[in-house]
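A.B. asks: In case it helps, this note's numbering puts the sequence shown at residues 249 to 867.
Don't be surprised by glycine CBs; every beta carbon is placed ideally from N, CA and C.
None of the values given here were measured: they were computed from a predicted structure.
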Amino acid sequence: MPSNHLPRPLTSLLALALVISLGGCAMFGSPESGAQQSAAAAAVRPEPEKPSFDIEVKAPEPARELLEKHLELQRFREVQDLDDAELTRLISLADRNARELLGTLGYFSPKLSITRQSSGERPLVVIEVELGKRTAVKDVDIAFEGVLEKTTEPDAVAQREGIRDGWGLPPGQNFTQDGWDDAKGKAVRRLGAKRFLGGRISYSLADIDAATNEARLGLRLDSGPIYYLGPLEVTGVERYDQRLVPRLARLAPGSEYDRDAIVQAQLRLTGSGYYDSAFINIDPDSDPAAAPVQVAVREAKMQKVVLGVGLTTDTGARLSVEHTHNRLPAIGWRASSLFQLDRKAPVLQSELTSIPGEDGWRWSVLGRLERVDDGDLRTQGQRLRVGKFKSQDHIDRNYYLQLDRARVSSISGVPLDAADVGSASALSANYIWTGRYFDGSPTPTGGYGIGIELGGGITLGADRTPFQRTLVRWLTVKPLASSRLQLRAQAGAVLAKKGAALPSTQLFRTGGDTTVRGYGYRDIGASLPVGETGPGRYLAVGSIEWQRPIRRGGVESDFDALLFLDAGAVADQLADLRPVYGIGTGVRWRSPIGPVEASVAYGVQPRKLRLHLTVGFKF
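Below, the structure is given as structure tokens:
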């Protein structure tokens with residue numbers, strides 16, 4: 249028998265369609281109803297209130313902008329019930345306010361006219377200014393109170409005279425309020441930068457003579473007592489040795505307060521790899537004879553893995569994995585391991601380093617396996633090094649014993665003489681000294697660096713031969729009027745009897761992105777009897793580079809245009825050194841993390857152009 253009811257699924261479907269259609273009626277109303285709603289909303293929305301009067305400033309810049317932004321009369325424009333009497337009173341008060349504002353720019357005797365004019369529906373206030381002569385500084389008197397007033401200690405005397413010599417608003421300069429405030433601020437910061445943490449301004453006066461347009465400035469600085477560092481109060485240490493913070497900070501109790509030393513201590517802590525952040529504070533209200541040094545650190549994780557992908561024009565594409573364990577069980581030393589895979593020079597290396605001793609020196613044990621392809625020559629190198637090193641603000645020192653083993657073969661199977669190609673082993677004692685005196689930025693624009701490597705050892709073949717190795721590096725950046733000149737030099741020598749088999753890792757090759765541009769990686773070497781290029785006992789490299797900042801709209805950008813000439817030579821005999829040259833041009837970006845350079849160089853001897861890409865600054 250037929251049913252009078254629809255099936256349940258069909259009933260649900262019809263109900264859903266009805267709901268959607270009703271919702272659609274609500275959402276998609278007629279254009280007429282939408283227009284009516286918009287009109288109603290507009291009728292409800294209040295119209296913005298019109299200003300009660302207008303202001304027009306007729307004055308040279310920057311006075312016009314200053315008055316338009318900061319004149320107190322501006323804020324009364326929004327008052328709707330102003331009558332004529334009130335507006336007249338406000339105009340009379342505006343004269344004094346305008347003169348005070350112009351005084352901050354150094355104009356204390358301007359001609360000022362403020363008039364009221366009828367202009368349509370509301371009044372117009374016109375302010376006309378003739379600035380007149382600007383006030384200049386006539387003389388400056390800087391005096392001192394406290395310990396710094398009468399001290400004869402040479403460093404403190406130099407600090408006192410440095411504050412006077414570095415005064416930022418000297419006689420003859422135009423007076424402004426901003427310049428006056430800035431000069432006082434710099435003076436008190438210089439006072440508090442060394443020794444006098446509690447230094448302050450006890451008196452200051454700018455005596456303005458509007459009739460003569462002259463300003464006489466007076467400043468008295470109270471140095472207070474000399475502050476000496478007390479004990480370190482360290483918080484935040486959980487994972488790592490308690491001795492790390494004081495040994496890395498190197499803030500000795502009893503030493504005079506020095507703001508730069510505090511900043512450098514913070515940088516050493518955060519740059520050590522043990523701490524993600526460090527904050528050092530000394531309370532000016534503490535005992536000056538032994539002010540506690542409060543150090544708050546946030547420790548880095550115990551282990552870290554860094555994966556890297558890179559590309560260089562020297563060795564091509566590169567993959568790397570770095571692992572760091574900051575505190576090995578039992579010994580507490582740091583272990584740093586690197587695996588780097590690239591086409592010409594893959595490396596496997598591991599290094600153990602101790603925490604610094606009280607004298608700042610650390611022990612280091614390093615093992616390294618590497619392969620280097622130089623044309624048809626392939627060098628398999630192994631190195632084991634044991635020694636100590638110390639890093640200071642500008643100077644690094646390192647002395648160590650090193651075992652080198654190099655096995656050199658021909659990729660094409662050509663027979664090679666071990667002494668010619670450096671297939672040998674040696675044990676040596678070495679000392680490295682490096683001084684860096686650059687301006688501190690990631691991309692130095694001034695300063696110099698020098699490095700010296702001295703070593704002596706004995707070969708470990710059948711014929712044990714003593715040898716001596718020296719390498720000297722030098723780099724300077726000299727600022728010019730609108731550019732810079734960078735000079736670079738490198739010289740090396742290995743002294744041993746003729747025919748001695750020395751490992752190639754102790755000998756020299758050069759060429760590539762950071763040495764002699766216009767040539768491939770390690771393409772420059774000594775000529776071998778088999779027609780190949782191999783390592784040599786003598787090295788000479790020089791470079792001169794002109795750097796000019798690129799300007800955009802007259803403003804110096806972070807990009808430099810480069811012109812350079814590089815030269816280099818390697819030989820087995822000093823008399824056989826014959827330099828080869830590379831000349832080129834490029835662009836360098838002074839990025840926040842260091843220089844990024846792209847250059848094109850022409851190798852004069854091979855008569856070829858070569859692209860070079862480098863990232864970072866290293867000396």
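Under 8 Å, do N422 and R468 count as touching if we go by C-beta distance?
C.D. replies: No, the pair does not count as a contact, with Cβ atoms beyond the cut-off.
A.B. asks: So G623 is in the beta strand (DSSP E); what residue range does that whole segment cover?
C.D. replies: Looking at the DSSP string, G623 is not in any beta strand (DSSP E), and its letter there is neither H nor E.
A.B. asks: Along the chain, where does the beta strand (DSSP E) that runs through K552 open and close?
C.D. replies: 551 to 560 is the span of the beta strand (DSSP E), which, as asked, contains K552.
A.B. asks: Counting along the chain, where does the beta strand (DSSP E) carrying V764 start and finish?
C.D. replies: It is not in any beta strand (DSSP E) - V764 carries neither H nor E in the DSSP assignment.
A.B. asks: Taking DSSP's pairing of strands, which residues face A674 in a bridge?
C.D. replies: Answer is D652, T707.
A.B. asks: Judging by CA-CA distance, which residue of G830, A849, F865, P854 is the nearest neighbour of P843?
C.D. replies: Ranking G830, A849, F865, P854 by Cα distance to P843 puts F865 first.
A.B. asks: Taking DSSP as the reference, what is the three-state secondary structure of E309?
C.D. replies: Coil at E309, not helix or strand.
A.B. asks: Given that a residue counts as buried once 16 or more other Cβ atoms are within 10 Å of its Cβ, and exposed if not, what is Y451?
C.D. replies: Classification for Y451: exposed.
A.B. asks: Where does D652 land, buried or exposed, given buried means 16+ other C-beta within 10 angstroms?
C.D. replies: Counting Cβ neighbours within 10 Å, D652 comes out buried, since at least 16 surround it.
A.B. asks: Run through the DSSP bridge pairs and tell me what T400 is partnered with.
C.D. replies: According to DSSP, which records beta bridges pairwise, T400 is partnered with nothing at all.
A.B. asks: Kindly give me the distance between the Cβ atoms of P751 and A672, rounded to whole angstroms, as I take these residues to be in contact under 8 Å.
C.D. replies: With a Cβ gap of about 5 Å, P751 and A672 count as contacting.
A.B. asks: Give me the Cα-Cα distance between E547 and Q322, rounded to the nearest whole angstrom.
C.D. replies: When rounded, the distance between both Cα atoms is 54 Å.
A.B. asks: Take L822 and list the residues in its own chain whose beta-carbon comes closer than 6 Å to its own, dropping the five residues that flank it on each side.
C.D. replies: The answer, listed in chain order, is Y786.
A.B. asks: Any heavy atom of the ligand SAH inside 7 Å of the beta-carbon of T400?
C.D. replies: For the structure depicted, the ligand SAH is absent and the ligand set is empty, with no information on it obtainable.
A.B. asks: Hey, which unbroken runs of the beta strand (DSSP E) at 3 residues or more fall wholly within the stretch 479 to 549?
C.D. replies: Whole beta strand (DSSP E) segments, 3+ residues: 523 to 529, 539 to 547.
A.B. asks: Three or more C-beta pairs closer than 8 Å, one from the stretch 638 to 649 and one from the stretch 734 to 749: is that the case here?
C.D. replies: Short answer: they don't touch.
A.B. asks: Given a cut-off of 8 Å on the beta-carbon distance, is the pair L873 and Y475 in contact?
C.D. replies: Any answer about residue 873 is impossible in this case: the structure gives the chain only from 249 up to 867.
A.B. asks: If contact is defined by three or more beta carbon pairs under 8 Å, each pair taking one atom from either stretch, is the stretch 365 to 375 in contact with the stretch 426 to 446?
C.D. replies: Not touching, per the Cβ criterion.
A.B. asks: Please report the residue range of the alpha helix (DSSP H) in which A454 lies.
C.D. replies: Run containing A454: none in the alpha helix (DSSP H); it sits in the beta strand (DSSP E), 448 to 457.
A.B. asks: Using CA coordinates, which residue listed in Q542, S584, K856, R616 is at the minimum distance from Q551?
C.D. replies: Taking only the C-alpha atoms, the option nearest Q551 is S584.
A.B. asks: To the nearest whole angstrom, what separates the beta carbons of Q425 and T352, a pair I think is in contact under 8 Å?
C.D. replies: That belief holds up - the Cβ atoms of Q425 and T352 are roughly 4 Å apart, short of 8 Å.
A.B. asks: Taking all protein chains shown into account, decide if G354 is buried (16 or more other Cβ within 10 angstroms of its Cβ) or exposed.
C.D. replies: Buried, because 16 or more other Cβ atoms sit within 10 Å of the Cβ of G354.
A.B. asks: If we call anything under 8 Å between Cβ atoms a contact, is P827 one with A774?
C.D. replies: Against a cut-off of 8 Å, the Cβ pair of A774 and P827 comes out as no contact.
A.B. asks: I'd like to confirm the pairing. Which residues does DSSP put opposite W681 in its beta bridges?
C.D. replies: DSSP lists R645, I700 as partners of W681.
A.B. asks: Beta-carbon separation of L417 and L338 under 8 Å?
C.D. replies: In this structure, L338 does not lie closer than 8 Å to L417 by Cβ.
A.B. asks: Pull up the distance between the alpha-carbon of T758 and that of E570, whole angstroms please.
C.D. replies: Approximately 27 Å between the Cα atoms of the pair.
A.B. asks: At the level of alpha carbons, what is the spacing between A291 and D329?
C.D. replies: In this prediction, A291 scores a pLDDT of 43, lower than 50, which makes its location untrustworthy; no coordinate-derived value is stated.
A.B. asks: Taking the beta carbon of Q716 as the centre, do at least 16 other beta carbons fall within 10 Å, making it buried, or is it exposed?
C.D. replies: Classification for Q716: exposed.
A.B. asks: Suppose contacts are defined by Cβ-Cβ distances below 8 Å. Is A654 in contact with T753 by that definition?
C.D. replies: Closer than 8 Å, so yes.
A.B. asks: For the putative contact between G478 and A544, defined by C-beta atoms under 8 Å, what is the C-beta separation to the nearest angstrom?
C.D. replies: Not a contact, Cβ separation roughly 16 Å.
A.B. asks: Quick check on the DSSP output: the alpha helix (DSSP H) that includes G427 runs from which residue to which?
C.D. replies: Counting along the chain, the alpha helix (DSSP H) containing G427 begins and ends at 425 to 441.
A.B. asks: Taking the alpha carbon of E701 as the reference point, which residue from G683, A526, R616 has its own alpha carbon closest?
C.D. replies: The shortest C-alpha separation from E701 is found at G683.
A.B. asks: Does the beta-carbon of N461 have 16 or more other beta-carbons within 10 angstroms, so that it is buried, or is it exposed?
C.D. replies: Classification of N461: buried, given that the 10 Å Cβ count is 16 or more.
A.B. asks: Output yes or no for whether 8 Å exceeds the beta carbon distance between S676 and G695.
C.D. replies: Cβ distance not < 8 Å, so S676 and G695 don't count as in contact.
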